[in-house]
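These notes are about the structure you will find just below.
Chains as they are written, first to last, in the numbering used here: chain G, 91 to 611; chain C, 45 to 207.
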């Protein structure tokens, strides 16, 4: 089969991107960018539209005039079209839709105290808007034939994003977040899997139905349902029910979680931990984390560690369900096929986690952030590095808002020294920012103090930029795979049981996070 | 009223079983029943937004779902075929992937049928998947009389009351 479609669409996308590059580079769109407040993104627009414009034109010419024969080259080349389609959509969303919505929202005015606008409240940023745009395309407009084959590239984008994320953790962060996630995920995953199985037995649903539903609700949504369906020999109807239920619940959570997070005043670590525990689908965990904090990646870093922990739990849970299913069926006299446990463990192991660990290990050697990049910052007393009188007054006016002793001490020390004095000191100050206790102005002062003391290396900063685009690309593409037809299958007992257990998990994990998770990691 | 050739759309649900019973009752002795089973195209989207699994897991899941659907269809078709044989009807079965109403219209247009028989959607609260048969597509596309058989759960306890 020849996968490449002779369509001018990719060539047109390429020409439009090159025209856009020309317009931005020549300053013809400066007024528009200024109006949308996206002038900062101009270098990014120039770079990306030029690179991908050339790629797209080359691919488009190949599609139209190249000799297409069955084979691997044809298959891989055909995926470029779908990739360019997603990327073009992600660019429109990030450069125009997101700032347009934010502008409109600001013009409407704050809807909650603390200058909270509609787009802040509902997390209407490029990630959420990208997912929604993808969902609209697949459900209303339909994905064009020429792009169908490349839409799955979004998974590659997300996995690459998680692998690159490995460069942004310190050993201390990874150890502390790892411990926290193992405890929380261990409790809530095992608890919700067990709860679904228990309720399922009480309500007399088939073992195969209970098995696939418990994986979907308990571990990581559709991914877990896909991994577990064959081992519990789920019927087609049961798979449809579970995936429908998980998708509906996940989409609702993606919009609801950031709103609740803002309303309860959660910090980045708390929200990342809650989203990573309470949201069923792992893609929507990343979506909610970026919706909660669109202009930084602290929440995403926490949420992704929880995601990775869940994925590492997946082979164990699938194995448990396999053994459980065989025993349950045999206990009522049915003969079922025994499960190859070694194969389950190896096949279900997420290989991309090894890439994450490798990037973390490389980053730990300092290869991406040479020691010189922070030299002198902590010992630099030049005026440009110190807080000015106005900053000090802003912080003093709000110091009474802090309740924790370590945070009070850290703020007093900053006021005395006018700069962050050590990494621990800086970490505590970042914790204050993340907790969201202080006003935006005060947080801006603390962030300036942090930036004066800690400077990100160019490579790490580049990784962050790539990450943003990889997640935007991946989640926009994933939106194109959430079909209303699949969601409409939600219903019956699975929706009742799944909805109840999912809600219990979300509420209980919220309480636990608010009570026990501290902001400084 | 009896029909010589009937196109029956059914896939094993309670509503579809009512359609099977009606089709058997309406077919002339020695008549022919063409059984259409449609695998709805929502299965294309059933990997949902999964991105964590390896390709091997996706392939295994895809093969499993296809195998499972086939087992369910074969088991269902065998039951209908056995009943048709018992009653002396000529029976054959066709499986299609797509939108149920569109597939039904396409198959109905290929041959000369006297009647098309379908079940009706399950009543609210009854177990089972959502019906994907679009009545408007059928009404606009079919050139053959269509019989929609009421779902057995739709009349609730009314018949008993009448008795």
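The beta-carbon is built from N, C-alpha and C at its ideal position, and this holds for glycine as well.
Since we're looking at a predicted model, the values are computed, not measured.
Give me the Cα-Cα distance between residue 148 (chain G) and residue 149 (chain C), rounded to the nearest whole angstrom. Walking along the first chain from the start, residue 148 (chain G) turns up at place 58. Walking along the second chain from the start, residue 149 (chain C) turns up at place 105. So the alpha carbons of these two residues sit roughly 43 Å apart.
Indicate whether at least one CB of chain C lies closer than 8 Å to the CB of residue 438 (chain G). Reading the first chain from its first residue, position 348 is the one you call residue 438 (chain G). Judged by the 8 Å Cβ criterion, residue 438 (chain G) is in contact with chain C.
According to a CB-to-CB cut-off of less than 7 Å, which residues of the segment 570 to 581 of chain G neighbour chain B? Absent from the structure: chain B. Protein chains present are G and C.
Just the Cα atoms here: how many angstroms apart are residue 176 (chain G) and residue 185 (chain G)? For the purposes of this step, residue 176 (chain G) is taken as the residue at position 86 of the first chain. For the purposes of this step, residue 185 (chain G) is taken as the residue at position 95 of the first chain. Taking the straight line from one Cα to the other gives about 14 Å.
Less than 8 Å between CB atoms is the rule here; does residue 467 (chain G) satisfy it with respect to chain C? Translated into the one-based positions of the first chain, residue 467 (chain G) becomes position 377. A caution first: residue 467 (chain G) carries a pLDDT of 47, below 50, which makes its placement in the model too unreliable to give a value.
Can a CB atom of chain C be found closer than 8 Å to the CB of residue 310 (chain G)? Against the first chain, residue 310 (chain G) aligns to sequence position 220. It does: the Cβ of residue 310 (chain G) has a partner Cβ on chain C nearer than 8 Å.
Is it right to say residue 226 (chain G) is buried, meaning 16 or more other beta carbons lie within 10 angstroms of its own, or is it exposed? Walking along the first chain from the start, residue 226 (chain G) turns up at place 136. The residue in question, residue 226 (chain G), is exposed, as its Cβ has fewer than 16 Cβ neighbours within 10 Å.
Among residues of its own chain, excluding the 5 on either side of residue 254 (chain G), which ones have a beta-carbon nearer than 8 Å to its beta-carbon? Taking the first residue of the first chain as position 1, residue 254 (chain G) is located at position 164. Correct list, in chain order: 449, 553, 556, 557 and 560.
Taking Cβ-Cβ distances below 8 Å as the criterion, which residues of the segment 287 to 301 of chain G are in contact with chain C? none
Taking C-alpha atoms, which residue in G:165, G:302 and G:95 lies nearest to residue 105 (chain C)? Here residue 105 (chain C) refers to the residue found at position 61 of the second chain. Of the candidates G:165, G:302 and G:95, the one whose C-alpha sits nearest the C-alpha of residue 105 (chain C) is G:302.
When we look at the beta-carbon of residue 484 (chain G) and count the other beta-carbons within 10 Å, is it buried (16 or more) or exposed? Locating residue 484 (chain G) in the first chain gives position 394, counting from the first residue. Counting Cβ neighbours within 10 Å, residue 484 (chain G) comes out buried, since at least 16 surround it.
For residue 628 (chain G), collect the residues of the same chain with a Cβ closer than 8 Å to its Cβ; drop the 5 residues on either side in sequence, then sort them by chain order. What is shown of chain G runs 91 to 611, which leaves residue 628 (chain G) out entirely.
Classify residue 174 (chain G) as buried or exposed, calling it buried when 16 or more other Cβ atoms lie within 10 Å of its own Cβ. Here residue 174 (chain G) refers to the residue found at position 84 when the first chain is read from its first residue. With 16 or more other Cβ atoms within 10 Å, it is buried.
List the whole-angstrom C-beta distance separating residue 508 (chain G) from residue 477 (chain G), where the pair is believed to meet the contact cut-off of C-beta under 8 Å. Translated into the one-based positions of the first chain, residue 508 (chain G) becomes position 418. Translated into the one-based positions of the first chain, residue 477 (chain G) becomes position 387. Going by Cβ atoms, the distance from residue 508 (chain G) to residue 477 (chain G) rounds to 4 Å, so yes, they are a contact pair.
So residue 407 (chain G) contacts chain C; which residues on that side make the cut at Cβ distance below 9 Å? Position 317 of the first chain, counted from the first residue, corresponds to residue 407 (chain G). Chain C residues near residue 407 (chain G): none, gap ~13 Å exceeds 9 Å.
Name the one or two DSSP bridge partners that residue 144 (chain C) has. Walking along the second chain from the start, residue 144 (chain C) turns up at place 100. BP columns for residue 144 (chain C) are empty, so no partner.
Along the chain, where does the beta strand (DSSP E) containing residue 79 (chain C) start, and where does it finish? Translated into positions along the second chain, residue 79 (chain C) becomes position 35. Start and end: 71 to 84.
Neighbour-count burial assignment, residue 408 (chain G), 16 or more Cβ in a 10 Å radius: Taking the first chain and counting its residues from 1, one reaches residue 408 (chain G) at position 318. Residue 408 (chain G) comes out buried.
Which of helix, strand or coil DSSP assigns to residue 116 (chain G): By one-based count along the first chain, residue 116 (chain G) stands at place 26. Three-state result, residue 116 (chain G): coil.
Are residue 304 (chain G) and residue 287 (chain G) touching if we call contact CB-CB under 8 Å? On the first chain, position 214 is the one that residue 304 (chain G) refers to. On the first chain, position 197 is the one that residue 287 (chain G) refers to. Yes, Cβ-Cβ distance for residue 304 (chain G) and residue 287 (chain G) is below 8 Å.
When Cβ atoms are compared, which residues of the segment 120 to 143 of chain C fall closer than 9 Å to chain G? Correct list: empty, as no residue qualifies.
For the pair the segment 99 to 107 of chain G and the segment 156 to 169 of chain G, tell me if three or more CB-CB distances fall below 8 Å. No: the two stretches stay apart, fewer than three of their Cβ pairs being nearer than 8 Å.
Using the Cβ count rule (16 or more neighbours within 10 Å means buried), how would you classify residue 123 (chain C)? For the purposes of this step, residue 123 (chain C) is identified with residue 79 of the second chain, where counting begins at 1. It is exposed - the Cβ of residue 123 (chain C) has fewer than 16 other Cβ atoms within 10 Å.
Check the C-beta distance from residue 311 (chain G) over to residue 300 (chain G) and give it rounded, since I have them as a contact under 8 Å. Within the first chain, numbered from 1, the residue matching residue 311 (chain G) stands at position 221. Within the first chain, numbered from 1, the residue matching residue 300 (chain G) stands at position 210. Incorrect: roughly 17 Å between the Cβ atoms, too far for contact.
Mind checking whether residue 195 (chain C) and residue 164 (chain C) have CB atoms under 8 Å apart? For the purposes of this step, residue 195 (chain C) is taken as residue 151 along the second chain, with counting starting at 1. For the purposes of this step, residue 164 (chain C) is taken as residue 120 along the second chain, with counting starting at 1. Taking 8 Å as the Cβ cut-off, residue 195 (chain C) and residue 164 (chain C) qualify as a contacting pair.
Meets three-Cβ-pair contact criterion under 8 Å: the segment 51 to 60 of chain C and the segment 356 to 375 of chain G: The segment 51 to 60 of chain C makes no contact with the segment 356 to 375 of chain G; the number of CB pairs closer than 8 Å stays below 3.
How long is the line joining the alpha carbons of residue 191 (chain C) and residue 62 (chain C), rounded to whole angstroms? Position 147 of the second chain, counting from 1, holds the residue named residue 191 (chain C). Position 18 of the second chain, counting from 1, holds the residue named residue 62 (chain C). Each residue's alpha carbon lies about 12 Å from the other.
Could you work out which residues of chain C lie near residue 401 (chain G), taking near to mean beta carbons separated by less than 7 Å? Reading the first chain from its first residue, position 311 is the one you call residue 401 (chain G). What residue 401 (chain G) touches in chain C: 96.
Pop quiz: residue 368 (chain G) and residue 600 (chain G) are said to be a contact at Cβ under 8 Å. What is the actual Cβ separation, rounded to whole angstroms? Residue mapping note: residue 368 (chain G) aligns to position 278 of the first chain, counting from 1. Residue mapping note: residue 600 (chain G) aligns to position 510 of the first chain, counting from 1. That belief holds up - the Cβ atoms of residue 368 (chain G) and residue 600 (chain G) are roughly 7 Å apart, short of 8 Å.
Do the segment 228 to 238 of chain G and the segment 95 to 102 of chain G make contact, defined as three or more Cβ pairs closer than 8 Å? yes
Distance between beta carbons of residue 152 (chain C) and residue 51 (chain C), contact taken as under 8 Å: By one-based count along the second chain, residue 51 (chain C) stands at place 7. By one-based count along the second chain, residue 152 (chain C) stands at place 108. Confirmed, Cβ separation roughly 5 Å.
What is the DSSP secondary structure of residue 156 (chain C), counted as helix, strand or coil? On the second chain, residue 156 (chain C) is found 112 positions in, with the first residue counted as 1. Residue 156 (chain C): coil per DSSP, three-state reduction.
Beta-carbon within less than 6 Å of residue 361 (chain G)'s beta-carbon, same chain only, minus the 5 sequence neighbours each way: which residues are those? Within the first chain, residue 361 (chain G) is the residue found at index 271, counting from 1. Correct list, in chain order: 351, 382 and 389.
Does residue 137 (chain G) pass the burial test, meaning 16 or more other C-beta atoms within 10 Å, or should it be called exposed? Taking the first chain and counting its residues from 1, the one referred to as residue 137 (chain G) is at position 47. It is exposed - the Cβ of residue 137 (chain G) has fewer than 16 other Cβ atoms within 10 Å.
For chain G, find out if any of its Cβ atoms is closer than 8 Å to the Cβ of residue 58 (chain C); answer yes or no. Residue numbering aside, residue 58 (chain C) sits at position 14 when the second chain is read from its first letter. Not one chain G Cβ lies under 8 Å of residue 58 (chain C).
Can you say whether residue 323 (chain G) is buried or exposed, counting buried as having 16 or more other CB atoms within 10 angstroms of its CB? Within the first chain, numbered from 1, the residue matching residue 323 (chain G) stands at position 233. Buried.
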